[in-house]
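For the record, in the sequence shown the residue sitting at position 126 is 221 according to this note's numbering, with numbers rising by one throughout. Where is the CB? At the ideal position from N, CA and C, for every residue including glycine.
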Amino acid sequence: MMTVLEKPSVTKASHAEGGARRPVRRVLIYSHDTFGLGHLRRSRAIAHALVAGASDLQVLIVSGSSVVDSFAFRPGVRYVRVPGVTKRTDGGYASLDPAVPLDRTVAERTAIISRMAEAFDPDLAIIDKEPTGFHGEMLPTLRTLAARGCRLILGLRDILDDAALLVPEWQRKGGSEAVRAFYDEIWVYGVARIHEPVAALALGPEIEARLHYTGYLRREATRSAPVRHDAPAMPFLLVTPGGGGDGGGLIDWVIAAYEADPGIDLPALIAFGPFLEPRARRAFEARIARTDKLSAITFDSEIEVLMREAAGIVAMGGYNTFCEILSFDLPSLLVPRTEPRREQLIRARAAEALGLAQVLLEQDGRDPLRMAAALRALPRQAPPSRVVVPGLLDGLDVIRERVLGEAAPVAALRRLGCRA
């Protein structure tokens, strides 16, 4: 178990109870990004919402994503990339450079983060998902920032994992101890009606008083980078496994459905994701080339534009994709992964129970005709807006209010693709 050896001199409870706060002009966002795109895309959405209409605000994102350079960032938002790591098939981690031991990479990341935080001197820091950072790399920075009076926020997606897996993981990483020692607030980027991610951790009333459900993060759909692919014929279904690193099963099932039932009404565009294994991608491309109603792209850093134009979406049900389904009011078919985490399965089942999405589980059999029937039905499915869930998409506005004490101006919200 990881131990938080030093506690800050400030009393975190006093901050949660409304103690004096210094004005926020610099925000640090830590996004460890060991696998996929989710952490980076969530951090980017928050950063863009914070700088909307606030010309004097600066945001620095510290990211481990290997594709961070592919994304465009708004004025006022900068990023620093730390050496990358990747998740192995057994659930462990390794350096992206196989010649470098993991502990050396973690040491380099720790040093970079510490230097950047000291130089940037943020008024507020948002730590994404991991209370102590990847392998504890944020602990030195947390101690320094807390001692300087920086507000520390732990930002959590709506669902972390099944309780049976989450509780021992937090114990092993010292998560609860870090929350008590360092964090002024915990923000859950979702609504309790769908899931309460820390309920199983029994953090106690003192910590629960710092807990705030923001609502999901509404997404924008503006094109700021050149399109690198041909636009699909309209209307179309969009198939996306997110980053693609674990999306081969979904892609294979959709292609098999079109192979088995060429009469599926709408064509589909498959976005492989940047982390799909190259050999698998080439095999999928060969099958797609033989199927009239299928086309594919590798990666679009602004896939929100394609989502806005799609008649429906087929996805695994990761956090960011779910935000986009809600934001663009898309009929959706979720095919969640169940290993090594059950996060997507929990989210998909909760969404289906509320009537926000339909779900197809691989564990019930990967019959191509079963997928084909679901694809045929998808365009006729009711959109998520049919269901009223209070505060469902308020996340970015709530975050801005908690950081700056004000909602985003109407014009800025509209530029972000948000409803005023």
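Pair within 7 Å by beta-carbon distance, residue i and residue j
| i | j | result |
| --- | --- | --- |
| Val-293 | Gly-310 | no |
| Glu-232 | Thr-205 | yes |
| Val-172 | Pro-226 | no |
| Arg-475 | Asp-341 | no |
| Gly-490 | Leu-312 | yes |
| Pro-327 | Leu-361 | no |
| Val-146 | Arg-169 | yes |
| Glu-457 | Asp-256 | no |
| Arg-288 | Val-483 | no |
| Ala-452 | Ser-427 | yes |
| His-290 | Ile-254 | yes |
| Ile-208 | Thr-239 | no |
| Leu-488 | Leu-440 | no |
Same chain, Cβ closer than 6 Å to residue i, five either side skipped, listed in chain order
| i | result |
| --- | --- |
| Met-466 | Trp-348, Ala-352 |
| Ser-165 | Ser-396 |
| Val-454 | Leu-429, Ala-443, Glu-447 |
| Pro-435 | Gly-186 |
| Arg-514 | Unreliable placement is indicated for Arg-514, whose pLDDT of 32 sits below 50; the coordinate value is still reported in the next sentence. Cβ neighbours of Arg-514 beyond the five flanking positions: none. |
| Ser-160 | Asp-128, Leu-135 |
| Phe-423 | Met-402, Arg-403 |
| Arg-252 | Tyr-284, Tyr-414 |
Cα-Cα separation between residue i and residue j, rounded to whole angstroms
| i | j | result |
| --- | --- | --- |
| Leu-155 | Val-162 | 17 Å |
| Pro-217 | Leu-401 | 35 Å |
| Asp-223 | Arg-139 | 11 Å |
| Pro-373 | Phe-367 | 10 Å |
| Ala-202 | Asp-356 | 53 Å |
| His-187 | Tyr-125 | Reading off the sequence, residue 187 comes out as Gly, not His. About 21 Å. |
| Leu-135 | Val-175 | 12 Å |
| Gly-148 | Glu-315 | 15 Å |
| Ser-109 | Leu-306 | Residue placement at Ser-109 cannot be trusted, given a pLDDT of 43 that sits under 50; the coordinates are not used to answer. |
| Arg-267 | Leu-234 | 15 Å |
| Ile-281 | Ala-142 | 17 Å |
| Arg-243 | Glu-213 | 10 Å |
| Gly-270 | Gly-358 | 51 Å |
| Thr-106 | Leu-296 | Note that Thr-106 scores a pLDDT of 43, beneath 50, so its modelled location is shaky; the value from the coordinates is reported in the next line. Their backbone Cα atoms lie some 22 Å apart in a straight line. |
| Val-262 | Leu-449 | 26 Å |
| Ala-259 | Gly-250 | 21 Å |
| Phe-394 | Ala-167 | 14 Å |
| Ala-375 | Leu-464 | 22 Å |
| Ser-158 | Ala-241 | 21 Å |
| Ala-304 | Leu-298 | 10 Å |
| Tyr-308 | Tyr-284 | 6 Å |
| Ile-398 | Leu-389 | 17 Å |
| Ile-392 | Pro-369 | 10 Å |
| Ser-150 | Gly-460 | 53 Å |
| Glu-301 | Ile-221 | 20 Å |
| Ala-194 | Pro-178 | 13 Å |
| Leu-191 | Leu-152 | 33 Å |
Cβ-based neighbour list, residue i, same chain, cut-off 7 Å, excluding 5 preceding and 5 following
| i | result |
| --- | --- |
| Leu-219 | Val-119, Val-122, Cys-245, Arg-246, Ile-248, Val-498 |
| Ala-189 | Val-180, Thr-181, Arg-183, Leu-197 |
| Asp-462 | none |
| Gly-344 | Glu-457 |
| Arg-481 | Gly-450 |
| Gly-486 | Val-286, Gly-310 |
| Phe-215 | Arg-121, Leu-123, Leu-155 |
| Gln-265 | Note that residue 265 is Trp in the sequence shown here, rather than Gln. Closer than 7 Å at Cβ, skipping near neighbours: Ser-271, Leu-296. |
Nonlocal neighbours in the same chain, by C-beta distance under 8 Å from residue i, ignoring five residues either side
| i | result |
| --- | --- |
| Leu-425 | Met-402, Ala-405, Gly-407, Ile-408, Glu-419, Pro-478, Pro-479 |
| Leu-332 | Leu-361, Pro-362, Ala-363, Leu-364, Ala-405, Ala-406, Gly-407, Ile-408, Val-409, Leu-470, Leu-473, Pro-474 |
| Thr-98 | At Thr-98, the pLDDT of 41 sits below 50, so the modelled position is not reliable; the number obtained from the coordinates is stated separately. Result list for Thr-98: Gly-269, Glu-272, in chain order. |
| Thr-386 | Ile-350, Tyr-353, Glu-354, Pro-357 |
Bridge partners - residue i, DSSP secondary structure assignment
| i | result |
| --- | --- |
| Thr-335 | Ala-410 |
| Ala-366 | Ile-392 |
| Gly-340 | Gly-340 pairs with nothing; no bridge assigned. |
| Trp-282 | Gly-250, His-307 |
| Arg-121 | Gln-153 |
| Ile-221 | Ile-124, Ile-248 |
| Thr-181 | Ala-189 |
| Arg-176 | Ser-158 |
| Gln-453 | Leu-428 |
For this session: Decide yes or no for the touch test of the segment 366-385 against the segment 484-495: beta carbon pairs closer than 8 Å, at least 3 of them.
Result: no
For this session: Evaluate the contact criterion for the segment 329-339 versus the segment 404-420: three or more CB pairs, one atom per stretch, below 8 Å.
Result: yes
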